[in-house]
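Residue numbers (the working numbering): 4 to 132. Okay, structure first, notes after.
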Amino acid sequence: MTKKIEALIRTEKLEAVKQALSDIGIVGMTVLQVHGQGRQGGLALEWPTGVYKVDLLPRYQLNIVLSDHNVEKTVETICAAAYTGQPGDGIIFVYPVEEVIRIRTGERGRAALSYPDDIDVRSTGADPM
Ligand SMILES: Nc1ncnc2c1ncn2[C@@H]1O[C@H](COP(=O)(O)OP(=O)(O)OP(=O)(O)O)[C@@H](O)[C@H]1O
Ligand SMILES: [Mg+2]
């Protein structure tokens, strides 16, 4: 089964998370700049002039598609690198993926997946681009 990991992380954690993922062999990803809110509904900023509520906070969203036996290690890696212990550390969603098609080669499914096998093995044959 192919899965998509969607991780919402603090903007200041992007470099650490990308590095940690690269260290386990994950390089292919889509990164989006997004705005969101979690259970606290944003932040209250207390200034001498008053309290200002900011509801939607900037986050990065990382999308990574891989085979399901690589999901746990990837999730653990993201959690460790994105963690501060404070509210707002982020959230990770995992979805099933129907199909993968590499445009250049026409490969489909498992063959088109960047990480069909164990990600620890650095032999994904990833393209230089
Ligand atoms: N239920 C949700 N649905 C969609 N996106 C969510 C949801 N909860 C959180 N997010 C996304 O995750 C980002 C970070 O959320 P956040 O870390 O504050 O989650 P939380 O559940 O409130 O956890 P914490 O209590 O640690 O703050 C949000 O800005 C938003 O983009
Ligand atoms: Mg929150």
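Glycine is no exception: its CB is placed at the ideal position from the N, C-alpha and C atoms. Note that this is a predicted model, so its numbers are computed, not measured.
Cβ neighbours of Ile104 within its own chain (closer than 7 Å, five residues either side excluded): Arg111, Ala115. The shortest CA-to-CA distance from Leu60 to any of Val68, Gly45, Val54, Val74 is the one to Gly45. Put simply, the backbone Cα of Arg113 is about 27 Å away from that of Ile94.
Taking the C-beta atoms as reference points, Arg62 is found no nearer than 8 Å to Thr108. Rounded to the nearest angstrom, the gap between the Cα atoms of Met32 and Thr52 is 43 Å.
Runs of the alpha helix (DSSP H) lying entirely within the segment 35-65 and spanning at least 4 residues: none are present.
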